[in-house]
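Protein chains in written order, with full-length UniProt numbering: chain A, 1 to 117; chain B, 1 to 117.
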């Protein structure tokens, strides 16, 4: 009797019983990074603040102009803005007494596109 | 002496001292809706689950195939999936014993585009 060698390539989809490949899943570090971006926008007040900054005709907003529309105190707005900065959604520049915030172009779009590969 | 009438149009940008117009801000209901979508993805495990579902070649994933890659129990995965369903990021279909999840095309992209008007 002749035995034929059988080779199973573990990297081949045919080797798996289950259609979903685990390698289609984002890795731990990427998942953490993406969750940070989305979590920063997971609050209605931060959504409002981010909408003001991205819509600013001058390309930036002073913290002094953010408090009025959202109806929050400046310390509370600054706290929310810190989370948006840490998530990479906006950048912050201190000029004299006031902090100015600029939208970080692409951060949100890139995060959203991570799922459409 | 003749007095001339002075008309100030409060809706005109010229009437405001401040460049940011509050009407550039998303309204309360929109902010709530957007925050719900982003909050649902504000967790690394839900990011992983969503990445598996959006990458599925068959266009859907059985809950039984989601537990392994993320290393979580089925009740925990079902809890995470409930939040993704409620945010409108995936749809759920019960077939016999198992729940199957399909990505809701456009929900995340639309949410991200709310800021680039």
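For glycine and all other residues, C-beta sits at the position ideal for the given N, C-alpha and C. On a predicted model such as this, the values are computed, not experimentally measured, just so you know.
Residue i to residue j, Cα distance in whole Å?
i, j, result
"residue 89 of chain A", "residue 69 of chain B", "29 Å"
"residue 105 of chain B", "residue 31 of chain B", "20 Å"
"residue 46 of chain B", "residue 63 of chain A", "33 Å"
"residue 34 of chain A", "residue 51 of chain B", "11 Å"
"residue 80 of chain A", "residue 71 of chain A", "13 Å"
"residue 103 of chain B", "residue 53 of chain B", "6 Å"
"residue 101 of chain A", "residue 73 of chain A", "17 Å"
"residue 8 of chain A", "residue 55 of chain B", "Confidence in residue 8 of chain A is poor, its pLDDT being 46 and thus under 50, which makes the residue's placement unreliable; the coordinate value appears in the next sentence. Near 24 Å, if we compare the C-alpha coordinates of residue 55 of chain B and residue 8 of chain A."
"residue 118 of chain A", "residue 94 of chain B", "For residue 118 of chain A there is no data in the structure shown, the boundaries of chain A being 1 and 117."
"residue 107 of chain B", "residue 91 of chain B", "11 Å"
"residue 67 of chain A", "residue 61 of chain A", "11 Å"
"residue 57 of chain A", "residue 28 of chain B", "22 Å"
"residue 26 of chain B", "residue 75 of chain A", "21 Å"
"residue 96 of chain A", "residue 44 of chain A", "29 Å"
Could you tell me which residues DSSP puts in a beta bridge with residue i?
i, result
"residue 91 of chain A", "A:102"
So what's residue i in DSSP terms, helix, strand or just coil?
i, result
"residue 81 of chain B", "helix"
"residue 60 of chain B", "coil"
"residue 109 of chain B", "helix"
"residue 24 of chain A", "helix"
Taking 8 Å as the cut-off, decide whether the C-beta atoms of residue i and residue j are in contact.
i, j, result
"residue 38 of chain B", "residue 99 of chain B", "no"
"residue 83 of chain A", "residue 40 of chain A", "yes"
"residue 85 of chain A", "residue 49 of chain A", "no"
"residue 42 of chain B", "residue 42 of chain A", "yes"
"residue 36 of chain A", "residue 114 of chain A", "no"
Could you spell out where the alpha helix (DSSP H) holding residue i opens and where it closes?
i, result
"residue 39 of chain A", "28-40"
"residue 66 of chain B", "63-70"
"residue 48 of chain B", "44-54"
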